[in-house]
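4 protein chains.
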Amino acid sequence: MCRWLAYSGSPVLLDELLFKSENSLVVQSKHSRLGVETTNGDGFGIGWYGAQETPGIYHGTAPAWNDQNLRELAAHASAGRVFAHIRATTGTAVQQTNCHPFRYGRWLWMHNGAISGFPALKRDLTLAVEPALFPDIEGSTDSELFFFLALTFGLQDDPPSAVARAVGFIEETGRRHGIEFPLQMTVATTEGETTWAFRYSSEGRSRSLFHSTDVATLKLQYPDNRVLHELSDDARLVVSEPLGDLRGAWHEVPESSCLVIQAGREELLEFSPILATAPAAVP
Amino acid sequence: MCRWLAYSGSPVLLDELLFKSENSLVVQSKHSRLGVETTNGDGFGIGWYGAQETPGIYHGTAPAWNDQNLRELAAHASAGRVFAHIRATTGTAVQQTNCHPFRYGRWLWMHNGAISGFPALKRDLTLAVEPALFPDIEGSTDSELFFFLALTFGLQDDPPSAVARAVGFIEETGRRHGIEFPLQMTVATTEGETTWAFRYSSEGRSRSLFHSTDVATLKLQYPDNRVLHELSDDARLVVSEPLGDLRGAWHEVPESSCLVIQAGREELLEFSPILATAPAAVP
Amino acid sequence: MCRWLAYSGSPVLLDELLFKSENSLVVQSKHSRLGVETTNGDGFGIGWYGAQETPGIYHGTAPAWNDQNLRELAAHASAGRVFAHIRATTGTAVQQTNCHPFRYGRWLWMHNGAISGFPALKRDLTLAVEPALFPDIEGSTDSELFFFLALTFGLQDDPPSAVARAVGFIEETGRRHGIEFPLQMTVATTEGETTWAFRYSSEGRSRSLFHSTDVATLKLQYPDNRVLHELSDDARLVVSEPLGDLRGAWHEVPESSCLVIQAGREELLEFSPILATAPAAVP
Amino acid sequence: MCRWLAYSGSPVLLDELLFKSENSLVVQSKHSRLGVETTNGDGFGIGWYGAQETPGIYHGTAPAWNDQNLRELAAHASAGRVFAHIRATTGTAVQQTNCHPFRYGRWLWMHNGAISGFPALKRDLTLAVEPALFPDIEGSTDSELFFFLALTFGLQDDPPSAVARAVGFIEETGRRHGIEFPLQMTVATTEGETTWAFRYSSEGRSRSLFHSTDVATLKLQYPDNRVLHELSDDARLVVSEPLGDLRGAWHEVPESSCLVIQAGREELLEFSPILATAPAAVP
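Residue numbers (our numbering), protein chains in the order written: chain B, 1 to 283; chain G, 1 to 283; chain Z, 1 to 283; chain L, 1 to 283.
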């Protein structure tokens, strides 16, 4: 599957997040320790909030370890909100429109996992997308369609509830087609202020997800760690797998939960699907 | 818009079709004489029937004039049935899954033109595709969706009628959304034996389309032309614009017609849309 | 050949330079008015000075008009020193290592034009590059080799003299191989503070080159032009062809001259080649 | 490093060689068992002898497992002489001009391994290339330069001797620069009739190399193996690592040897470097 990272805090050079740590995302693209696939070489993407209203996006189809433009961008761009994702396709084409994070207005979305039996479910899921949103679907992945279902169910108003409804709808659709465990997911979404990170799967054995500890505590614990001391106290990372072996730095996000990060404070919510009818299901 | 070429006859090296003639398709990609856009640099594709049951496809996203692999393939592959297409996008992404010709089983399809107001019509057109065909849609273009509508309306059984129904359905859908002239098209399709080429537009001012004259006559007329004398007498080309200035070599395909080419014989049919209801329109 | 732009002044969004003006560089990539080729679709590049010591570089091989990442970068990155270049190859491969601007340490270099008979001259020119610089040559173009010759002849100490010596050496090498007019060039180079722009050709009929007028005067002349009034008074552009039709905004750089721009002041120097022996010519 | 395969025998569909076997080259690109790197995702290439005088070449920069055009080509092209190579770069750029096999006239060349300290040696090695050959160098790799040195030392007349001289020259140049073990290599080269495969390294611990056994014997041993029985008796494969676990099918090529395959007969020669002076070393 894929690997991803969501950062919020004081502005950092993308380089620090993507290349410099011991088990950085780009290292993981070639040798993931915890992923289902060790190689995540099917494209990657970054989303970052800069001076503009909408976030910037960089999508590449070459393996992240080979993308010279990514190195340049990372060495010159800083941001206080960053999403980064490396892809291992579960079948759909390797093309920029299939790279995460996906964007709609100010919102970003990225996903590790899959909708099982996607080819069979795709039409029903597509029909359920709000018609006004439909023309903005650009690629062919399950992950982007999941995003548009979450938007359809109100992501911009109440993310935990909208994602719970989208998940409920996907599971119901899947089961109607005889799929036992229709969804496997860790998901991150943000509007540039708050980050919501979800860990869930229909079978209850979800992909790994971790978040970083309170930075102030870590600074006390590691008085000599340069990178830590450059971070603001409200800096937080949510990641598919830890970026290094720093003891005490990482907490696992529990199964079936939603982690909300805002201004350096974490809140952990229970997450369970809500059975929902697609508002657009009747043409 | 785009430029395309459909060849049937004795096997020729792709090179002869793509690179060697005076106004070859690759020349047209940079300096089209008759196209709406002079530059067709948004990808290209070739489909050819070789030893296998299904045709081979080569899709490139770089401009055709820069694709070194295309030159190699063209210099080494011969075929008796060739479709080639250079793309000037009308808005959708430049990616391999959006390159023509599109393929379904033994069938190839390529299109020059556009569905007007496509973003607004796309959902309705997508819903009309036969559900069993739906998972095979790979890209995001109007042209591929048009192909899948033609397949839905029976392309594999009766091409002229299926295309007429697909066109009728697109026009009806467009007009329901307030589009005055919903479709502009030249289209070629084949199953490897017969080629069907269509010229039509809702406004009655269609993109150019030409077919080559009887080769036997041309050979008499041009006793010294090497290329002509290598072609079999049943060789035929249908093209967006002539590949050279050979007098007498090209006939314009008239407005609102369908040219059928089989075993070196042409038949010209009138073409007009048939108002049709999508069999899958009711979910 | 190619088209390029060199900006210095208060930080501007790259978007303004690359996409928004009437005859912007990206518009020129498809429809150049003054270029030898109307299409410049063989890659492009940007160099910009940000927070780091060395400039950032973005090199793309797709046509500029199709590069989605370029649009994103341009919409989110601002800089006070920008080089941008769109390429029409004169024969060498379309690959990132052949895209301008080229970089060495803090220095950027871009070129419109060509070394005539380059395949025949390449070995002699390559041998003349300072051995310590040799391993940093990454691509295969005449333009990059020209840059490394200028570096060899002291670009970092005295740019006008180093370029004059490099030109003298190229011309002498060319003539030794029977090339009548070995060099055609407009060149821009910078270390991030001063910009040097050269216009010269062996035959005395050089590619076009323009620079913008004093911005303060333009602001008086066009009191309602939003873009002008956002620029600092020291802002200056040097371009292959004007970005718009604003009367009085553009001056042609004369034949055989070097324009030096620093802190909003222009100085125009005469330019003529200096016959030079390559310091490294004896192995 | 890299993985490669050289086939000679009755024409086979490339598919059989590249995709279908148990440990096919494309499988190896993601999970090599014997390579120094498990991932070989930095481009690939195929060379094949068809109807033309010179072989065709297909070079891709995406990982082989993602290249849709490679799948199409492999499914439709047959050849009796095939070179295929997947690349794991040792530092030079991932671009088509750096993909193996390299071609000169009728000759193909591919390499697994590296010249140690290449940036420091590159200039001296480049100077040694025959000036008439120099303009044909297209990329920036050690492997292509090695090919041009072999051509300089007479590859087209006496391959074992020319390679021995090129190796001697590289080692001597390396040692002059203080490199203890300048070369690591398995190499294959052919003019379309005979294949020469070399296994050698300065330190005497070379990358793995295998060749297939006599097919007639294998057919007796495996009466039910479909693929074997479609091969002609003179079919031979030389590979970096075995394509499957068929017992008795693979022999290791010994250290410091050259395997010559012609018309289904193998000859094993000892290989040792010959100290040589580059004919072009004096400018």
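Think of the CB as a built atom: it goes at the ideal place given N, C-alpha and C, for glycine as much as any other residue.
Quick caveat: nothing in here was measured; it's all calculated off a predicted structure.
Discussion item. Output needed in chain order: residues of the region 118 to 142 of chain B with a Cβ under 9 Å from some Cβ in chain G.
Written reply: Residues passing the 9 Å Cβ filter: Phe118, Pro119, Ala120, Lys122, Arg123, Asp124, Thr126, Leu127, Val129, Pro131, Phe134, Pro135, Asp136, Ile137, Glu138, Gly139, Ser140.
Item to complete: State the CB to CB distance for the pair Leu231 (chain Z) and Gly9 (chain Z), rounded to an integer number of angstroms; the pair is presumed to be in contact (CB under 8 Å).
Response: Under the criterion of beta carbons closer than 8 Å, Leu231 (chain Z) and Gly9 (chain Z) qualify as touching, at roughly 6 Å.
Practice prompt. Could you tell me the distance, in whole angstroms, from the CA atom of Val282 (chain B) to the CA atom of Ala166 (chain B)?
Written response: Residue placement at Val282 (chain B) is flagged as unreliable, the pLDDT there being 40, under the threshold of 50; the coordinate-derived value follows with that caveat. Between the alpha carbons of Val282 (chain B) and Ala166 (chain B) lies a gap of roughly 17 Å.
Worksheet item: Along chain B, in chain order, which residues have C-beta atoms closer than 9 Å to that of Thr56 (chain Z)?
Response: The question names Thr, but residue 56 (chain Z) in the sequence shown is Gly. Within chain B, Glu72, Leu73, Ala75, His76, Ala77 have C-beta atoms less than 9 Å from the C-beta of Gly56 (chain Z), given in sequence order.
Practice prompt. Determine, using beta carbons only, whether Val238 (chain G) and Ala6 (chain G) come nearer to each other than 8 Å.
Written response: Yes; because the gap between Cβ atoms is below 8 Å, this pair is in contact.
Discussion item. Just to make sure I have the definition right: I need the residues of chain G whose C-beta is within less than 8 Å of the C-beta of Gln96 (chain B). Which are they?
Written reply: Ordered by position in chain G, the residues that pass the 8 Å Cβ test against Gln96 (chain B) are Ala93, Gln95.
Discussion item. Can you pull the chain L neighbours of Pro159 (chain B), defined as C-beta to C-beta under 9 Å?
Written reply: Those within 9 Å of Pro159 (chain B) in chain L number zero; the least Cβ separation is about 33 Å.
Discussion item. So the candidates are G:Ala77, G:Cys99, G:Ile274; which of them puts its Cα closest to the Cα of Trp4 (chain G)?
Written reply: From the listed residues G:Ala77, G:Cys99, G:Ile274, the smallest Cα separation to Trp4 (chain G) is found for G:Cys99.
Discussion item. Checking 8 Å against the spacing of the C-beta atoms, do Ser208 (chain Z) and Ser240 (chain Z) come in under that value?
Written reply: Between Ser208 (chain Z) and Ser240 (chain Z), the CB-CB gap stays under 8 Å.
Item to complete: Report the rounded CA-to-CA distance for Ala276 (chain L) versus Thr152 (chain L), giving the unit in angstroms.
Response: CA-CA distance, Ala276 (chain L) to Thr152 (chain L), rounds to 11 Å.
Practice prompt. Within 10 angstroms of the Cβ of Ala132 (chain Z), are there 16 or more other Cβ atoms? Answer buried if so, exposed if not.
Written response: Counting Cβ neighbours within 10 Å, Ala132 (chain Z) comes out exposed, since fewer than 16 surround it.
Worksheet item: At a CB-CB cut-off below 8 Å, which residues of chain G make contact with Thr90 (chain Z)?
Response: Under the 8 Å cutoff, chain G gives no residues; its nearest Cβ is about 13 Å from Thr90 (chain Z).
Fill in: Status (buried if at least 16 other CB within 10 Å, exposed otherwise) for Glu72 (chain G)
With at least 16 other beta carbons inside 10 angstroms of its own, Glu72 (chain G) counts as buried.
Practice prompt. Output the boundary residues of the alpha helix (DSSP H) element that contains Ala120 (chain G).
Written response: Looking at the DSSP string, the run of the alpha helix (DSSP H) that includes Ala120 (chain G) is 118 to 128.
Practice prompt. Could you tell me how far apart the beta carbons of His251 (chain G) and Thr190 (chain G) are, in whole angstroms, since I believe they sit closer than 8 Å?
Written response: With a beta-carbon spacing of about 19 Å, His251 (chain G) and Thr190 (chain G) fall beyond the 8 Å limit used to define contacts.
Fill in: Reference Glu171 (chain L), options L:Glu193, L:Met185, L:Leu17, closest by Cα
When each option's Cα is compared against that of Glu171 (chain L), the closest is L:Met185.
Worksheet item: Are any of the Cβ atoms in chain Z nearer than 8 Å to that of Gln221 (chain B)?
Response: Gln221 (chain B) does not count as touching chain Z.
Item to complete: Leaving aside the five residues before and after Ser24 (chain G) along the sequence, list all residues of the same chain whose C-beta is less than 8 Å from its C-beta, in chain order.
Response: Result list for Ser24 (chain G): Leu17, Leu18, Leu243, in chain order.
Worksheet item: Any beta-carbon of chain L closer than 8 Å to the one on Gln156 (chain G)?
Response: It does not; no Cβ of chain L falls within 8 Å.
Discussion item. On the DSSP bridge list, what partners appear for Thr190 (chain Z)?
Written reply: Residue pairing by DSSP places Thr190 (chain Z) opposite Z:Leu108, Z:Thr195 in a beta bridge.
Item to complete: Tell me whether the beta-carbon of Pro55 (chain L) lies closer than 8 Å to the beta-carbon of Gly47 (chain L).
Response: Yes, the Cβ-Cβ distance between Pro55 (chain L) and Gly47 (chain L) is below 8 Å.
Worksheet item: With distances taken from CA atoms, which of L:Gly154, L:Arg81, L:Phe148, L:Val94 is nearest Thr194 (chain L)?
Response: Of L:Gly154, L:Arg81, L:Phe148, L:Val94, the residue nearest in Cα terms is L:Arg81.
Fill in: Contact set between Gly50 (chain B) and chain Z, taken where Cβ atoms lie within less than 7 Å
Near Gly50 (chain B) (Cβ distances below 7 Å), the residues of chain Z are His76.
Worksheet item: Can the beta-carbon of Ala164 (chain L) be found closer than 8 Å to that of Val253 (chain L)?
Response: In this structure, Val253 (chain L) does not lie closer than 8 Å to Ala164 (chain L) by Cβ.
Item to complete: Could you check how far apart the C-beta atoms of Ser161 (chain B) and Gly154 (chain B) are, in whole angstroms? I think they sit under 8 Å.
Response: Confirmed, about 7 Å.
Worksheet item: How about Asn66 (chain L): is its C-beta nearer than 8 Å to some C-beta of chain B?
Response: Interface residue, yes.
Worksheet item: Over what stretch of residues does the beta strand (DSSP E) that includes Glu270 (chain B) continue unbroken?
Response: Where Glu270 (chain B) is concerned, the enclosing beta strand (DSSP E) stretches over 265 to 270.
Discussion item. Per DSSP, what are the beta-bridge partners of Val239 (chain G) in this structure?
Written reply: BP columns for Val239 (chain G) point to G:Leu5, G:Phe210.
Worksheet entry | Three-state secondary structure assigned by DSSP to Gly174 (chain G) | It is helical.
Worksheet item: Within the 8 Å Cβ cut-off, does Ala62 (chain L) reach chain B?
Response: Cβ-Cβ to chain B under 8 Å: yes for Ala62 (chain L).
Worksheet item: When the Cα atoms are used, what is the spatial distance from Phe146 (chain Z) to Gly248 (chain B)?
Response: Here the alpha carbons of Gly248 (chain B) and Phe146 (chain Z) stand approximately 54 Å from one another.
Worksheet item: Going by DSSP, what residues sit across from Arg226 (chain L) in a beta bridge?
Response: Its beta-bridge partners do not exist; DSSP assigns none.
Worksheet item: For the putative contact between Thr141 (chain G) and Thr92 (chain G), defined by C-beta atoms under 8 Å, what is the C-beta separation to the nearest angstrom?
Response: Confirmed, about 5 Å.
Discussion item. For a cutoff of 8 Å on Cβ pairs, would you count Gly45 (chain L) as touching chain B?
Written reply: It does not; no Cβ of chain B falls within 8 Å.
Discussion item. Going by C-alpha to C-alpha distance, which of B:Gly105, B:Leu14, B:Ala64, B:Phe83 sits closest to Glu53 (chain B)?
Written reply: Minimum Cα distance to Glu53 (chain B) is reached at B:Gly105.
Item to complete: Go through its chain and collect everything with a Cβ distance to Phe118 (chain G)'s Cβ below 6 Å, but skip five positions before and after it.
Response: So the list reads Asp142, once near-sequence residues are dropped.
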